[in-house]
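A.B. asks: Using our numbering, you'd call the opening residue of the sequence shown number 23 and step up by one each time.
Think of the CB as a built atom: it goes at the ideal place given N, C-alpha and C, for glycine as much as any other residue.
From a predicted model like this one, the values you see are computed outputs, not experimental measurements.
This is the structure I have questions about; it appears just below.
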Amino acid sequence: MITILINKPEFEYDIHSLVKAFYPEEDVKVYCGEEAGEGMVFRIDFEENGMRMRLGEEAEEEGAWEECAADAGRGERKNVLKQLIYGTLSEHLNKELPWGTLTGIRPTKISMGMIEEGWTEEEILEAMKRTYFISDAKGRLSIEIAKRETEILSSLHYKDGYSLYIGIPFCPTTCLYCSFTSYPIVSWKKRVGDYLDALEKEMAYVGETYGDRIVDTVYIGGGTPTTLEPEELDRLLAAVYRYFDLGRVQEFTVEAGRADSITVEKLRVLKKHGITRISINPQTMREETLRIIGRKHSPEQVKEAFALAREEGFDNINMDIILGLPGETQEDVRYTAAEIKKLSPDSLTVHSLAIKRASGLNQWIEKNGMAALKNTDATMGIAAEAAKNMGMEPYYLYRQKNMSGNFENVGYALPGKYGIYNILIMEEMQTIVALGAGSITKRVYGDGRIERCDNVKDVALYIEKIDEMIERKKRLLLNG
Ligand code: SF4
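Here's what the structure looks like:
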C-alpha cells in the first residue's frame with residue numbers, strides 16, 4: 023500500500039495514475055489533509071511558488087522541489103507536478119517509464135495538435151521529451167502515427183459526418199481479463215430477440231434524428247457479434263440498412279472475435295450485407311495460455327476460421343493479440359507472431375495486457391501474483407518487428423490504465439487496410455453514436471468540446487429501459 027498525502031485537493035487523479043505507473047502491484051491512495059498514511063507514504067505540498075515532494079510522512083527532509091509561478095495555468099501546474107513526481111520516483115526506484123509522465127490514453131493527440139500547428143518533427147520530439155520525459159522511441163512512434171492518421175483522415179468528411187457503433191454484449195465464455203459488457207450467450211439465448219427489438223428502437227430514433235448526416239463508418243462490436251445465430255445476424259444487419267443511409271459509408275466492421283463463434287453461414291450473412299472488415303482474434307496461438315485465459319477455442323480453430331473467412335472473400339481481416347498474458351515468455355510471443363504471419367492478416371492489433379478492476383484477472387493475481395504477467399520492451403519489439411515483416415505500418419495507438427509494463431496498444435495495418443473507426447474513436451475526431459447495452463455515445467462539437475451519454479450495462483435493464491436510453495440520446499444529440 024502506498025499513501026500520498028497532499029495539502030490541497032488538486033490533481034488527485036493525475037497523482038494517482040502516475041504513482042500507480044511506478045508501482046503497478048501496489049494499492050495507491052491519495053488523501054488531502056493531515057491523515058496518517060498507511061504503508062509507504064509520500065507527501066506532496068503545493069506552496070506559493072512551487073511544489074515539494076518528500077518520501078516519508080514527516081517533513082524532516084527537504085525533499086525535491088520544483089518551481090512554478092503562482093499565476094501559472096492549470097495545464098502548466100499539472101505538468102510541473104508530474105515532472106516533480108516522475109523525477110522523484112524515477113530516481114528513488116532507478117526506473118524509467120516509456121511514456122514518461124503521460125498517463126492519459128491518447129498520446130498521439132498531443133503530436134497531432136503540434137502537427138496541425140506547423141511544428142517540425144524534431145521540434146515535436148524535443149518538446150515531448152522535455153515536457154513529458156517520454157522516451158525517444160515512443161516519441162517517434164507517436165509522431166509517425168499522428169502523421170499517418172492525419173493523412174488517412176484527410177479524405178473523410180469526419181467533421182460533418184458521424185460513425186455508428188452497435189454493441190452485442192454476448193460472448194461464448196468470459197475471458198479472464200475481460201472488462202467489457204459481455205455475458206455468456208447460453209444464458210441469454212432466449213432474450214436475444216428482445217435485445218434486437220430494443221436495438222431496433224434505438225436505431226429508428228438515431229436514423230431519423232441524424233438522417234441528413236453522412237454515416238462514415240459502422241462498427242459492430244461487443245462482446246462478440248458472431249455469437250448471434252445467422253438469422254439473428256441477418257435481422258440485425260438488415261435493420262442497420264433499413265434505418266440508416268449507408269450510401270457513403272467508408273468502412274463496415276463486424277467483430278468476429280472468437281473463433282468458436284464463426285461458421286460459414288454467419289460469414290455468408292456478413293458478406294451478403296456488405297461487411298468490409300472483420301476481426302478474428304487469437305490473442306495468443308499458445309493452447310495452454312488460451313485455456314488459462316478462458317477462451318474455449320484452440321489455435322487450430324483460429325486458423326480454420328481465418329481460412330474460411332478468406333474463402334468467403336473477406337479481404338480485410340484484423341487479428342488482435344495480447345502481450346503479457348499469464349506465463350507467456352518472449353518465445354511464446356515469437357511463436358504467436360510466426361503463426362500469425364503464416365495466415366497473413368491485413369492488420370494486427372497488439373495489446374498490452376491491462377488489469378481492469380472489473381475483470382477476473384484480479385482474483386487470478388491474488389492467487390498467482392504478478393510475476394507471470396510480463397510485457398517488456400523485448401516482447402513489444404517482437405510484435406512490432408512481426409508487423410513490419412508482414413508489410414504493415416503503425417496507424418493508431420492508445421493506452422489504458424494499469425497496462426502491463428506501462429506500454430501501449432498499437433494497431434498495425436497494410437497500407438489501405440487501416441481501421442478508420444479505430445482512429446476516429448481514439449482521436450475523438452468525430453461524433454460516435456453508440457447503441458446497445460453498455461455503449462457510450464460521444465458527441466464532438468466543432469470547437470472540439472465533447473459530451474457523452476451512456477447506456478446501462480445490464481442487458482435486462484437496457485431492454486426494459488430502452489425509452490429512457492433514447493431520451494438520454496435525445497438530450498445529447500438535439501442539444502444546441
Ligand atoms: S471476447 Fe472480448 S468481450 Fe468477449 S469475453 Fe473475451 S474479452 Fe470480453
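Return the residue from the list Thr358, Glu277, Met451 and Leu258 that minimises the CA-CA distance to glutamate 322.
C.D. replies: Thr358
A.B. asks: Say the cut is 7 Å; is the CB of threonine 196 nearer than that to a heavy atom of the ligand SF4?
C.D. replies: yes
A.B. asks: Rounded to the nearest angstrom, how far is the Cβ of leucine 499 from that of tyrosine 232, given a contact under 8 Å?
C.D. replies: With a contact defined as Cβ atoms closer than 8 Å, leucine 499 and tyrosine 232 qualify at about 7 Å.
A.B. asks: In or out: aspartate 342 buried (at least 16 other Cβ within 10 Å) or exposed?
C.D. replies: buried
A.B. asks: Give the secondary structure of isoleucine 284 by DSSP, where H, G and I count as helix, E and B as strand, and everything else as coil.
C.D. replies: coil
A.B. asks: Excluding sequence positions up to five away, which residues of its chain have a Cβ less than 7 Å from the Cβ of glycine 460?
C.D. replies: Once the five neighbours on either side are set aside, the close Cβ partners of glycine 460 are Gly189, Pro191, Thr203, Asn477 and Lys479.
A.B. asks: For the segment 301 to 345, which segments carrying the alpha helix (DSSP H) assignment without a break, of at least 4 residues, lie completely within its bounds, in sequence order?
C.D. replies: 309 to 314 and 321 to 333
A.B. asks: If I'm right that tyrosine 417 touches alanine 435 with Cβ under 8 Å, what's the distance once you round it to whole angstroms?
C.D. replies: Tyrosine 417 to alanine 435, Cβ: 5 Å. Contact.
A.B. asks: Helix, strand or coil for serine 204? Go by DSSP, reduced to three states.
C.D. replies: coil
A.B. asks: How would you write the range of the beta strand (DSSP E) that isoleucine 462 sits in, first residue to last?
C.D. replies: 462 to 466
A.B. asks: Does the Cβ-Cβ distance between aspartate 49 and threonine 125 come in under 8 Å?
C.D. replies: no
A.B. asks: I'd like to know whether the C-beta atoms of isoleucine 24 and glycine 85 end up nearer to each other than 8 Å.
C.D. replies: no
A.B. asks: Does at least one heavy atom of the ligand SF4 sit under 7 Å from the Cβ of threonine 130?
C.D. replies: no
A.B. asks: Could you say which of Ala408, Asp368, Val324 and Leu365 lies nearest to glutamine 352 if we only look at CA atoms?
C.D. replies: Ala408
A.B. asks: For arginine 280, verify whether its CB is less than 7 Å away from any heavy atom of the ligand SF4.
C.D. replies: yes
A.B. asks: Residues in the same chain with beta-carbon distance under 6 Å from glycine 244, minus the five sequence neighbours each way, listed in chain order, please.
C.D. replies: Gly189, Ile190 and Pro191
A.B. asks: Where in the segment 90 to 122 do unbroken runs of the alpha helix (DSSP H), each at least 4 residues long, occur, reported from the N-terminal end onward?
C.D. replies: The qualifying runs are 96 to 115.
A.B. asks: Can you give the beta carbon distance from serine 374 to methionine 412, rounded, assuming they're within the 8 Å contact cut?
C.D. replies: Rounded to whole angstroms, the Cβ separation of serine 374 and methionine 412 is 20 Å, and the two are not in contact under 8 Å.
A.B. asks: Can you tell me whether DSSP reads histidine 295 as helix, strand or coil?
C.D. replies: coil
A.B. asks: Can you list, in chain order, the residues of its chain whose CB lies under 8 Å from that of alanine 1, leaving out five sequence neighbours each side?
C.D. replies: Residue 1 lies beyond the residue range present for the chain, which begins at 23 and ends at 502; the question has no answer from this structure.
A.B. asks: Do you know offhand how far proline 129's Cα is from glycine 161's?
C.D. replies: 9 Å
A.B. asks: Relative to the C-alpha of cysteine 475, which residue among Phe336, Asp469, Lys42 and Lys464 is closest?
C.D. replies: Lys464
A.B. asks: Span of the beta strand (DSSP E) holding tyrosine 420?
C.D. replies: Run containing tyrosine 420: 415 to 420, per the beta strand (DSSP E) assignment.
A.B. asks: Would you say isoleucine 302 and valine 276 are within 8 Å of each other, going by their C-beta atoms?
C.D. replies: no
A.B. asks: Please list the segments of the beta strand (DSSP E) lying wholly inside the segment 384 to 461, counting only runs of 3 or more residues, in order along the chain.
C.D. replies: Along the segment 384 to 461, the beta strand (DSSP E) occurs as fully enclosed runs of 3 or more residues at 415 to 420, 431 to 435 and 454 to 457, listed in sequence order.
A.B. asks: Within its chain, find whatever has a CB closer than 6 Å to the CB of threonine 306; leave out the 5 residues flanking it on each side and keep chain order.
C.D. replies: Leu347 and Thr358
A.B. asks: Go ahead and label histidine 114 buried or exposed: buried means 16 or more other beta carbons lie within 10 angstroms of its beta carbon, across all protein chains shown.
C.D. replies: exposed
A.B. asks: Measuring straight from C-alpha to C-alpha, what distance separates leucine 77 and alanine 360?
C.D. replies: 46 Å
A.B. asks: Please state the DSSP three-state secondary structure of histidine 179.
C.D. replies: coil
A.B. asks: List, from N- to C-terminal side, the beta strand (DSSP E) runs of 3 residues or more that fit wholly inside the segment 214 to 267.
C.D. replies: The qualifying runs are 237 to 244.
A.B. asks: Closest by CA to asparagine 340, which one among Pro367, Val432, Glu350 and Val355?
C.D. replies: Taking only the C-alpha atoms, the option nearest asparagine 340 is Pro367.
A.B. asks: Please state if the CB of tyrosine 180 and the CB of glutamine 452 are separated by a distance shorter than 8 Å.
C.D. replies: yes
A.B. asks: Buried or exposed for asparagine 501, please, with buried defined as at least 16 other CB atoms from any protein chain shown within 10 angstroms of its CB.
C.D. replies: exposed
A.B. asks: Assuming leucine 330 and isoleucine 284 are in contact, meaning their beta carbons sit under 8 Å apart, how far apart are those beta carbons, in whole angstroms?
C.D. replies: 7 Å
A.B. asks: Between the segment 478 to 495 and the segment 216 to 230, are three or more C-beta pairs nearer than 8 Å?
C.D. replies: yes
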